[in-house]
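**Q** Protein chains in written order, with the working numbering: chain A, 250 to 524; chain B, 257 to 484.
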């Protein structure tokens with residue numbers, strides 16, 4: 250049936266709908282413009298474009314579900330572009346995504362993915378499975394590949410609560426859209442390695458939720474200690490990393506007050522060791 | 257070359273309208289009615305999985321009567337329209353008015369240009385919040401659009417139910433429970449049969465909720481609501 254004044258399409262995917270009917274609105278819609286720019290300046294290699302870059306985000310499994318957290322800094326070369334950027338996004342009632350890479354396209358992908366899942370749920374009348382959501386995100390990362398060659402890398406870390414299996418799950422991706430499941434914890438971004446080191450030392454299977462949250466914040470703190478791209482807690486401005494908890498009852502924003510409390514404790518302990 | 261028979265445009269439109277009306281009257285009715293905290297939608301629907309009422313966007317819902325395959329297509333197109341608009345601009349820029357206009361244009365064009373008109377009647381309702389009023393649009397098979405107040409009825413014996421509701425509806429918005437009871441009474445009285453809660457599809461647009469305000473009420477929920 251052709252509907253003259255309403256968009257016509259057959260599949261339940263919003264991303265495919267945009268790609269087919271409004272390509273300019275997809276993340277890769279910019280590639281034409283960028284190719285023109287790249288050919289005008291052939292010496293500018295990949296990754297040299299000056300756009301804000303977002304860094305260290307991580308996720309840890311707990312007994313009840315999964316904790317996902319990220320710092321608040323975006324850098325542009327050696328400058329700080331943004332001190333309050335949000336890198337952890339609620340995607341739907343049972344999943345969240347954190348991002349590392351070029352800030353603009355990252356946020357755009359998170360927004361598109363939110364619409365994608367809501368769209369599917371409304372059209373089909375049921376939610377996608379946890380696995381289905383993770384695979385769809387992989388396809389979106391894969392579709393972003395042309396942008397990677399232009400230096401606009403988007404790296405998601407996806408966590409969800411799988412209602413069928415009754416457990417939290419963590420998915421990481423590679424630039425080509427490869428999807429890998431992590432069994433315990435993972436961190437990505439410039440300070441990802443530092444954060445992973447901390448988590449490796451302190452992670453326990455079946456950690457309680459508050460302990461997992463504490464470890465997540467500690468890992469971010471240590472990453473900020475060693476990595477210039479990662480922001481630690483900013484006590485002067487009152488800016489703290491953000492975290493979300495996903496479990497059987499849905500997704501919860503960890504309040505800034507709670508995070509501040511945990512950091513106050515961490516900082517006090519560290520100070521007592523130094524003096 | 258065989259000459260096509262001449263049919264006057266008036267005759268053709270009349271025939272199409274009659275055909276569509278017949279199809280829509282065959283189905284069962286759907287009622288949308290305002291209550292204190294939003295809009296209640298009640299449909300007589302023996303199937304528990306093939307929905308007649310659906311969420312379109314944060315505060316917008318859709319209901320379709322007539323041929324399932326046809327209003328299902330319209331529903332999906334509406335969701336695409338709304339999601340596209342919300343993605344392109346912002347969530348608050350998605351309005352029932354623009355959606356109802358789209359439907360009206362589409363149905364009107366199909367009615368005048370296609371061989372077979374769509375045998376559907378649809379409702380697009382939006383719950384108002386932050387002091388804004390509710391909006392209810394009833395759109396017919398020929399694209400005509402009616403801005404309804406307080407309540408709207410589509411499909412089946414819609415006119416009889418409308419007349420009945422007009423007598424019973426109070427000037428003040430009822431509580432959810434009373435609104436639901438009123439809808440069930442109206443459907444039972446016109447249909448001349450007792451309805452089980454399992455044969456009803458019930459949903460609300462609740463302005464007290466944040467974000468997505470559409471919520472389905474299961475038979476267990478409605479039972480609890482009516483008895484509580």
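Even for Gly, the Cβ is constructed at its ideal location relative to N, Cα and C.
(1) For residue 341 of chain A, list the residues DSSP reports as bridge partners.
(2) In three-state terms, what does DSSP make of residue 393 of chain A?
(3) Alpha carbon to alpha carbon, how far is residue 426 of chain B from residue 373 of chain B?
(4) Applying the 10 Å Cβ sphere with the 16-neighbour rule, what's the burial state of residue 394 of chain A?
(5) Hey, out of B:271, B:283, B:479, whose CA is closest to residue 495 of chain B's CA?
(6) What residues from the stretch 353 to 381 of chain A come within 8 angstroms of chain E, judged by C-beta to C-beta, listed N to C?
(7) What are the complete beta strand (DSSP E) segments, minimum 3 residues, inside the stretch 349 to 405 of chain B?
(8) Is DSSP giving residue 435 of chain A helix, strand or coil here?
(9) From the DSSP output, in three-state form, read off residue 565 of chain A for me.
(10) Within a Cβ cutoff of 6 angstroms, which residues of the same chain sit near residue 287 of chain B, ignoring the five residues on either side of it in sequence?
(11) CB-CB under 6 angstroms to residue 352 of chain B, same chain, minus the five flanking residues each way: which ones, in chain order?
(12) I need the straight-line Cα distance from residue 397 of chain A to residue 496 of chain A, nearest angstrom please.
(13) Does any C-beta atom of chain A lie closer than 8 angstroms to the C-beta of residue 361 of chain B?
(14) To the nearest angstrom, how far is the alpha carbon of residue 337 of chain B from that of residue 434 of chain B?
(15) Please work out which residues of its chain come closer than 7 angstroms, Cβ to Cβ, to residue 356 of chain B, disregarding the five sequence neighbours upstream and downstream, and give them in chain order.
(16) Within 8 angstroms of any Cβ in chain A, is that where the Cβ of residue 339 of chain B sits?
(17) Flag residue 435 of chain A as yes if its beta-carbon sits less than 8 angstroms from any beta-carbon of chain B, otherwise no.
(18) Taking just the CA atoms, how far does residue 359 of chain B sit from residue 359 of chain A?
(19) Among residues of its own chain, excluding the 5 on either side of residue 320 of chain A, which ones have a beta-carbon nearer than 8 angstroms to its beta-carbon?
(20) DSSP three-state call for residue 422 of chain A: helix, strand or coil?
(21) Determine whether the beta carbon atoms of residue 412 of chain B and residue 285 of chain B lie at a separation below 8 angstroms.
(22) Hey, how far is the Cα of residue 459 of chain B from the Cα of residue 262 of chain B?
(23) Does the Cβ of residue 518 of chain A have 16 or more other Cβ atoms within 10 Å, making it buried, or fewer, making it exposed?
(24) Residue 393 of chain A touches chain B at which residues, Cβ-Cβ below 8 angstroms?
(25) If you draw a straight line from the alpha carbon of residue 375 of chain A to that of residue 354 of chain B, how long is it in whole angstroms?
(26) Would you call residue 389 of chain A buried or exposed, if buried means 16 or more other Cβ atoms sit within 10 Å of its Cβ?
(27) Using the DSSP secondary-structure output, state which residues sit across from residue 310 of chain B in a beta bridge.
(28) Consult DSSP for residue 257 of chain A and reduce its assignment to one of helix, strand or coil.
(29) Residue 258 of chain A touches chain B at which residues, Cβ-Cβ below 7 angstroms?
(30) Mapping DSSP to helix, strand and coil, what is residue 492 of chain A?
(31) For chain A, check one thing: does any of its Cβ atoms lie closer than 8 angstroms to the Cβ of residue 459 of chain B?
(32) Quick one: what does DSSP say residue 264 of chain A is sitting in, helix, strand or coil?
(33) At the level of alpha carbons, what is the spacing between residue 252 of chain A and residue 449 of chain A?
(34) CB-CB under 8 angstroms to residue 464 of chain B, same chain, minus the five flanking residues each way: which ones, in chain order?
(35) Run the CB neighbour count on residue 403 of chain B, radius 10 Å, all protein chains shown included, and call it buried at 16 or more, exposed below.
(36) Based on DSSP bridge pairs, tell me the residues matched to residue 314 of chain A.
**A** From the atom records:
(1) Per DSSP, A:344.
(2) Reduced to three states, the DSSP call for residue 393 of chain A is coil.
(3) Taking the straight line from one Cα to the other gives about 37 angstroms.
(4) Flag for residue 394 of chain A reads exposed.
(5) Look at the range of chain B in this structure, 257 to 484, and you will see that residue 495 of chain B is not part of it.
(6) As a matter of chain content, chain E is missing from the structure shown, whose protein chains are A and B.
(7) Taken in chain order, the complete beta strand (DSSP E) segments of 3 or more residues contained in the stretch 349 to 405 of chain B are 376 to 382, 391 to 395, 401 to 404.
(8) Here residue 435 of chain A sits in strand by DSSP.
(9) There is no way to answer for residue 565 of chain A, as the model of chain A reaches only from 250 to 524.
(10) In chain order, 298, 409, 439 place their CB closer than 6 angstroms to the CB of residue 287 of chain B, counting only its own chain and leaving out the 5 sequence neighbours on each side.
(11) 316, 380, 382, 391, listed in sequence order.
(12) Near 33 angstroms, if we compare the C-alpha coordinates of residue 496 of chain A and residue 397 of chain A.
(13) Interface flag for residue 361 of chain B against chain A is set, since a Cβ pair is found closer than 8 angstroms.
(14) For residue 337 of chain B and residue 434 of chain B, the distance between alpha carbons rounds to 34 angstroms.
(15) Its chain contains 380, 393, 395, 401 as the residues whose beta carbon lies nearer than 7 angstroms to that of residue 356 of chain B, once the 5 sequence neighbours on both sides are disregarded; these appear in chain order.
(16) Yes, residue 339 of chain B counts as interfacial toward chain A.
(17) Not an interface residue.
(18) Straight-line spacing of the CA atoms in residue 359 of chain A and residue 359 of chain B works out to 30 angstroms.
(19) Closer than 8 angstroms at the Cβ level, and outside the excluded window around residue 320 of chain A, lie 304, 305, 306, 336, 440, 469, 472, 473, 479, 480, 481, 490.
(20) Looking at residue 422 of chain A - three-state DSSP - the assignment turns out to be strand.
(21) Yes; because the gap between Cβ atoms is below 8 angstroms, this pair is in contact.
(22) C-alpha separation (whole angstroms): 48 angstroms.
(23) Per the 10 Å Cβ criterion, exposed.
(24) By Cβ distance, chain B contributes nothing, its closest Cβ being about 17 angstroms from residue 393 of chain A, past 8 angstroms.
(25) Spanning the alpha carbons of residue 375 of chain A and residue 354 of chain B requires a straight line of approximately 26 angstroms.
(26) Around the beta carbon of residue 389 of chain A, 16 or more other beta carbons lie within 10 angstroms, which makes this residue buried.
(27) In DSSP, residue 310 of chain B forms a bridge with B:318.
(28) It is coil, neither helix nor strand.
(29) Chain B residues near residue 258 of chain A: 336.
(30) In the structure shown, residue 492 of chain A sits in a strand (DSSP, three-state: E or B).
(31) Interface residue (Cβ-Cβ distance to chain A less than 8 angstroms): residue 459 of chain B is not classified as such.
(32) Residue state, collapsed to three classes: helix.
(33) For residue 252 of chain A and residue 449 of chain A, the distance between alpha carbons rounds to 56 angstroms.
(34) The beta carbon of residue 464 of chain B sits closer than 8 angstroms to the beta carbons of 293, 294 from its chain, once the five residues preceding and following it are set aside; these are given in chain order.
(35) The residue in question, residue 403 of chain B, is exposed, as its Cβ has fewer than 16 Cβ neighbours within 10 Å.
(36) Bridge partners of residue 314 of chain A: A:496.
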